Each structure stands twice: as C-alpha cells, then as structure tokens.
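Residue numbers (the working numbering): 61 to 323. Only one structure is covered here, and it is reproduced in the block below.
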Amino acid sequence: MTTTISVINQKGGVGKTTTVINLAASLSIMGQTNLVVDLDPQGNATTGFGKSNTDENKNIYNLLIKKIDLGQAIQKTNIKNLDIVGSHVNLSGLEVETANDSKRAFVLKEILSSEKSGLLKKYDNIFIDCPPSLSLLTIMSLVASDELLVPLQTEFFALEGITQLVKTIDRIKENLNPTLSIRGILLTMFDKRNKLSSEVDREARNYFKEKVYETVIQRNVRLSEAPSHGLPCVVYDKNCVGSKSYFKLAKEFMENNTIESAA
Ligand SMILES: Nc1ncnc2c1ncn2[C@@H]1O[C@H](COP(=O)(O)OP(=O)(O)OP(=O)(O)O)[C@@H](O)[C@H]1O
Ligand SMILES: [Mg+2]
Numbered sequence: 061m062t063t064t065i066s067v068i069n070q071k072g073g074v075g076k077t078t079t080v081i082n083l084a085a086s087l088s089i090m091g092q093t094n095l096v097v098d099l100d101p102q103g104n105a106t107t108g109f110g111k112s113n114t115d116e117n118k119n120i121y122n123l124l125i126k127k128i129d130l131g132q133a134i135q136k137t138n139i140k141n142l143d144i145v146g147s148h149v150n151l152s153g154l155e156v157e158t159a160n161d162s163k164r165a166f167v168l169k170e171i172l173s174s175e176k177s178g179l180l181k182k183y184d185n186i187f188i189d190c191p192p193s194l195s196l197l198t199i200m201s202l203v204a205s206d207e208l209l210v211p212l213q214t215e216f217f218a219l220e221g222i223t224q225l226v227k228t229i230d231r232i233k234e235n236l237n238p239t240l241s242i243r244g245i246l247l248t249m250f251d252k253r254n255k256l257s258s259e260v261d262r263e264a265r266n267y268f269k270e271k272v273y274e275t276v277i278q279r280n281v282r283l284s285e286a287p288s289h290g291l292p293c294v295v296y297d298k299n300c301v302g303s304k305s306y307f308k309l310a311k312e313f314m315e316n317n318t319i320e321s322a323a
C-alpha cells in the first residue's frame, strides 16, 4: 500500500523541504521506495536532489495541466529507490489560470488515484512538499493525501500558526477528504542552548500528545549546506548531527506505521 503524505505548514522556512528531502532519502537508504512531489513553485526540493527546477518539460505544472502524464513527469534521482516529480516556477500561475475550474482542487488527487495500482504501486510513500501558504496548491495536496506531517520550528510564534492550520485541516476533512489524518508533528531547528526551544517542545507535546515525534531535529549547519551540493544531507554527510536525527526520524516513522496498521 502506498501512503501519500503532505509535508505542510503555511509558515515559511520551518523545515518542510529539508524534512521531505532527508526523510525520503533516509527511508530509501533503509530500503523503502519513495516518490517526492515538489508542489512548491520555489522548487527547493527539486534542486535539493540535484534536479533542475527550470526543466520546461518534466515538471509538476505540465502534469497538473495535463500536458504530460505521470510517467513522463517522474524522474529518477541519484539515490536508489527515490524518484521525484520536479517543480517549475510556472506553478505559481496555476491558481489564477484555473480560476474557472470548479474541480481544480481534485486534479492532483485524480492523477495520483488513477495510477495507485499502476505506476505508483511500487512506492511505499509519496511525499508532497507544500508551499508556505494555504493556497490552492496546499489544498490540492491536502485533498490528495492520506496523512500529514507538520514540521514545527521550535521558536516563539511556532504554535500560533498551528491553530489556523488545524482549522484548515478540519475544514478539508469535513468537505473534501474525510479520512485525512495527522501522521506526526516534527520539532525542527531545535537549539538546546535556547530556553525557548524546550518551551515550544513542552507546549507542543502538551497539546498534540503522542502525535509529536520523539525525534527532534537539531539546528545543524550541515543540513543547510547540503542543498547547494544537490544532495540530501543524509548522503552529503551521513554522520553529522542533522543526518543522524533524520535517520532516527525515518526509523520512528516506519515503526509508527506498523503500530497503526496493527491496531
Ligand atoms: N535543522 C536545521 N538546522 C539548520 N538549518 C536548517 C534546518 N532545517 C532547515 N534549515 C535551513 O533553513 C532554511 C529553511 O528550511 P526549509 O527550506 O527546509 O524550510 P521550508 O519550510 O521548506 O521553507 P519554505 O516555507 O520557504 O518552503 C533552509 O535554508 C534550510 O537549509
Ligand atoms: Mg520549502
């Protein structure tokens, strides 16, 4: 069974893309098969895997406007068992261009659903990297997903935006995707010297309970260096603190799936 997971938080720069890249890569290194869908016009997940975000043919925009099909959109990365549908800046125009299409929120879901038992069957997980907004692209992703993974930066305003995100998720569940669930909340950019980090950690666990991953991603400069080499950090420097945290997260991610499906 393939699980589709949106990595989402409307707040910018909280570690969504870093998490998509390094969690997907860790899981692939550990033997699972993963597809990353870069649904952010910035295309950071695409370039983070060493792929071009200016490819005029193979990109998510062309897939969503049905100029190409899924098979044509999927590209291999340098990592075994890890493929990607890359982004393109054209994607930023999609919302305006499709304004008259009442079914536009379902386009991604339809594309993925139609290949669930075909092209997508081999993937354990499909990770969708969402843009920092609650716009059409994010709604499309929420409609197309089974689960959500929410990175939360351990800083002052972290929990404020979450209330709005939870409201949006509830609205989507009521109207568009009743089975959508939160897979996990991930605390990112944790700095143990900063008292605030521990406070956000405590508050998040208090509010979301066991939904918060035990694994916390430390603030680590190697994680921010890796994308400029076109490599996931877990490949670029597999022994740094950041990579170790993402490997640990991958393990927890897999275990937590086993527990849920056994229940
Ligand atoms: N744990 C970390 N330690 C240090 N730097 C990090 C960490 N996680 C992410 N970064 C860096 O912080 C910046 C923002 O991270 P990232 O791009 O993953 O966030 P994002 O939520 O995807 O951003 P956006 O909302 O713009 O898409 C990037 O420069 C990234 O390299
Ligand atoms: Mg991003």
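All C-beta atoms in this analysis are idealised placements derived from N, C-alpha and C, irrespective of residue type, glycine included. None of the values given here were measured: they were computed from a predicted structure.
By a C-beta neighbour count over all protein chains shown, 10 Å radius and 16 as the cutoff for buried, is residue i buried or exposed?
i, result
"D100", "buried"
"G244", "buried"
"K279", "According to the sequence shown, residue 279 is Arg rather than Lys. Looking at its Cβ environment, which holds 16 or more other Cβ atoms inside 10 Å, R279 is buried."
"K163", "exposed"
"S321", "At S321 the pLDDT is 46, less than 50, meaning the model places this residue with poor confidence; the figure from the coordinates comes in the next sentence. Under this definition S321 is an exposed residue."
"A159", "exposed"
Just verifying my parser: in three-state terms, what is the DSSP assignment at residue i?
i, result
"F250", "strand"
"F166", "helix"
"T78", "helix"
"S205", "coil"
"F187", "strand"
"R243", "strand"
"A322", "Confidence at A322 is low in this model, with a pLDDT of 44, below 50, so the placement of that residue should be treated as unreliable; the coordinate-derived value is given next. Three-state DSSP puts A322 in a helix."
"S88", "helix"
"D129", "coil"
"L212", "strand"
"T63", "strand"
What residue range is occupied by the uninterrupted alpha helix (DSSP H) comprising residue i?
i, result
"E294", "A small fix is needed here, since residue 294 is Val in this sequence, not Glu. Where V294 is concerned, the enclosing alpha helix (DSSP H) stretches over C293 to Y296."
"L124", "I120 to L124"
"N104", "N104 to G108"
Beta strand (DSSP E) containing residue i: first to last residue?
i, result
"Q70", "Segment: none, Q70 is in no beta strand (DSSP E) and carries neither H nor E."
"E270", "It is not in any beta strand (DSSP E) - E270 carries neither H nor E in the DSSP assignment."
"D98", "N94 to D98"
message: Can you confirm whether the stretch 154-171 touches the stretch 210-218 when touching is taken to mean that 3 or more C-beta pairs between the two stretches lie within less than 8 Å?
response: These segments do not touch.
- request: Would you check if there are 3 or more beta carbon pairs closer than 8 Å linking the stretch 224-243 to the stretch 85-99?
  value: Because the criterion of three Cβ pairs below 8 Å is not met, the stretch 224-243 and the stretch 85-99 do not touch.
Any 3 or more C-beta pairs closer than 8 Å across the stretch 119-137 and the stretch 61-81: The stretch 61-81 and the stretch 119-137 do not touch, with fewer than three beta-carbon pairs separated by less than 8 Å.
task: Run through the stretch 133-160 for me and flag every whole alpha helix (DSSP H) of 4 or more residues, listed as ranges in chain order.
output: With a minimum length of 4 residues, the continuous alpha helix (DSSP H) runs that stay inside the stretch 133-160 are 154-157.
query: Just checking, does the stretch 239-255 make contact with the stretch 269-287 on the three C-beta pairs under 8 Å criterion?
result: With the cut-off at 8 Å, the stretch 239-255 and the stretch 269-287 touch.
- prompt: Does the stretch 228-237 come close enough to the stretch 194-205 to have 3 or more Cβ pairs within less than 8 Å?
  reply: At 8 Å Cβ cutoff, the stretches touch.
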